[in-house]
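Written below as structure tokens is the structure these notes are about.
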Amino acid sequence: MSTSPCLPRDAKEIAEMLGDVASDFSGKTIVMAGGMGFLGRYFQGVFEYLNTNVLADPCRLIIADNLITAGKAGEALTESDNFEFRQEDISQGFEVDGPVDFIINLAGIASPYYYRAYPVETLDVAVNGTRHLLEMARDKGARFTFFSSSEIYGDPDAKHIPTPESYRGNVSCQGPRACYDESKRLGETLCYIYHDKHGIPTNTIRPFNVYGPGMQEADYRVLPNFASCIKGERTLKVYGTGNQTRTFCYVTDAINGFLRVIARGVPGEAYNIGNPTPEISVFELVDEIEKVLGKSIDKEVIEYPDSYPADEPNRRCPNIVKARRQLDYNPVITIEDGLKRFFDWTDETYNGEE
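Numbered by the numbering used here, the letters in the sequence shown go through residues 3 to 356 in order.
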């Protein structure tokens with residue numbers, strides 16, 4: 003039985019969304035760094051489903067992770083004859099025998115709570131780790147995909163929202179978020195250099211607020227934080243003003259977009275992957291959760307705790323025209339449907355303890 007948090011319904015939907023793109027992975031070898039995190043474990047479930055139900059020849063997945071933030075998820079590898087786990091620190095580099103067709107660099111410390119705790123490690127994995135993997139891609143002749151972040155845009159002014167890939171960003175190189183934001187920007191620059199100088203087919207993905215089953219209860223980002231409070235019947239703590247806005251992308255829509263970039267992205271290009279609507283405030287997010295759960299939820303506005311960076315963007319919303327036109331990417335899961343799937347899962351898996 004699979005230990006991936008990927009819901010069977012989700013895996014089937016992703017396969018249907020992909021259509022003939024899925025066949026690009028048939029018989030291929032994929033190295034996935036950071037493969038025991040939230041997205042990596044979802045990828046495991048999707049590749050397992052594709053191997054069992056879709057692909058003419060199964061793909062081989064080599065999963066590398068140092069487990070620094072994996073928690074209990076690090077104990078559970080999706081069971082498959084075609085998957086291999088290796089505990090590796092990619093910032094130190096590692097070797098893979100035989101051919102490699104795709105390298106996916108998911109490795110990173112995305113939760114503000116954790117990158118505040120591990121700032122140097124956050125820099126190392128995005129810069130040194132990415133360079134080691136790019137050298138592997140150069141040696142193997144593999145396609146390379148780097149997972150960057152919508153954080154590289156910083157805090158855009160209103161005229162740049164929805165934010166296109168062409169926006170250069172407004173990011174401080176000093177401050178509590180700098181270790182994450184600036185390291186992702188430098189990782190993107192490395193991809194550009196290796197494509198430009200060495201002809202490596204690189205792509206960069208900039209995810210926007212992806213959520214879904216598999217997010218750790220101790221992740222500390224807004225939805226896992228709220229879900230843990232609700233499970234434990236505690237008051238929701240809203241940081242800042244509660245008026246900061248985001249769009250939220252359910253994981254099936256995200257994985258569909260990610261795999262389209264990984265398989266067919268134009269070499270050298272970056273892509274926003276997320277859902278451009280609805281853009282809602284944290285207070286409006288609580289309203290949506292109340293509708294899904296059918297009950298009112300107590301909440302209070304508090305100052306940012308010391309463990310969480312206060313300089314978060316006021317708005318974040320992707321322009322996905324490029325991915326729509328070039329990759330036929332089209333997110334379809336509504337906020338209501340996505341939240342229901344997420345909270346159904348957290349109700350079964352979270353313990354509600356602080």
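Just so you know, even glycine gets a beta-carbon here, dropped at the ideal spot from N, CA and C.
Of the residues the options, the one placed nearest residue i, counting alpha carbons only
{"i": "residue 2", "options": "264, 326, 320, 245", "result": "Because the chain is modelled from 3 through 356, residue 2 falls outside the range shown and cannot be assessed."}
{"i": "residue 178", "options": "355, 315, 340", "result": "315"}
{"i": "residue 11", "options": "344, 222, 166, 164", "result": "344"}
{"i": "residue 206", "options": "95, 290, 192", "result": "192"}
{"i": "residue 158", "options": "306, 242, 248", "result": "248"}
{"i": "residue 212", "options": "51, 195, 299, 319", "result": "319"}
{"i": "residue 66", "options": "39, 82, 53", "result": "39"}
{"i": "residue 323", "options": "146, 48, 168, 92", "result": "168"}
{"i": "residue 95", "options": "132, 278, 196, 299", "result": "132"}
{"i": "residue 297", "options": "333, 162, 235, 7", "result": "235"}
{"i": "residue 151", "options": "279, 260, 86", "result": "260"}
{"i": "residue 232", "options": "175, 278, 294", "result": "294"}
{"i": "residue 272", "options": "148, 60, 88", "result": "148"}
{"i": "residue 276", "options": "335, 69, 218", "result": "335"}
Sequence-distant residues of its chain with Cβ nearer than 6 Å to residue i (five each side left out)
{"i": "residue 102", "result": "31, 33, 142, 144"}
{"i": "residue 348", "result": "229"}
{"i": "residue 340", "result": "252"}
{"i": "residue 285", "result": "244"}
{"i": "residue 85", "result": "63"}
{"i": "residue 163", "result": "317, 319"}
8 Å CB neighbourhood of residue i in its chain, flanking five on each side removed
{"i": "residue 154", "result": "171, 173, 183, 186, 187, 190, 208"}
{"i": "residue 58", "result": "25, 28, 29"}
{"i": "residue 181", "result": "117, 121, 122, 124, 125"}
{"i": "residue 330", "result": "262"}
{"i": "residue 198", "result": "270"}
{"i": "residue 268", "result": "205, 328"}
{"i": "residue 291", "result": "228, 232, 299, 341, 345"}
Delimiting residues of the alpha helix (DSSP H) encompassing residue i
{"i": "residue 19", "result": "10–20"}
{"i": "residue 351", "result": "337–351"}
{"i": "residue 116", "result": "114–119"}
Span of the beta strand (DSSP E), counted from its first residue to its last, around residue i
{"i": "residue 281", "result": "No beta strand (DSSP E) holds residue 281; DSSP gives it neither H nor E."}
{"i": "residue 89", "result": "85–89"}
{"i": "residue 249", "result": "Here residue 249 belongs to no beta strand (DSSP E), and DSSP marks it neither H nor E."}
{"i": "residue 238", "result": "238–241"}
{"i": "residue 302", "result": "301–304"}
{"i": "residue 147", "result": "145–149"}
Supposed contact pair residue j and residue i - C-beta distance, whole angstroms, cut 8 Å
{"i": "residue 20", "j": "residue 258", "result": "6 Å"}
{"i": "residue 250", "j": "residue 111", "result": "Not quite, the Cβ-Cβ distance comes to about 21 Å (not below 8 Å), so this is no contact."}
{"i": "residue 196", "j": "residue 140", "result": "7 Å"}
{"i": "residue 300", "j": "residue 238", "result": "7 Å"}
{"i": "residue 223", "j": "residue 113", "result": "6 Å"}
Same chain, Cβ closer than 7 Å to residue i, five either side skipped, listed in chain order
{"i": "residue 355", "result": "234"}
{"i": "residue 48", "result": "8, 13, 16, 257"}
{"i": "residue 351", "result": "none"}
{"i": "residue 326", "result": "332"}
Proximity test, residue i beta-carbon vs the ligand NAD heavy atom, cut-off 7 Å
{"i": "residue 246", "result": "No copy of the ligand NAD appears in this structure; indeed no ligand is present at all."}
Segments assigned alpha helix (DSSP H), at least 4 residues, entirely inside the segment 160–225:
180–200
Within the segment 253–288, ranges of the alpha helix (DSSP H) (whole runs, at least 4 residues):
253–266
Ranges of the alpha helix (DSSP H) found wholly within the segment 34–64, counting only runs of at least 4
40–55
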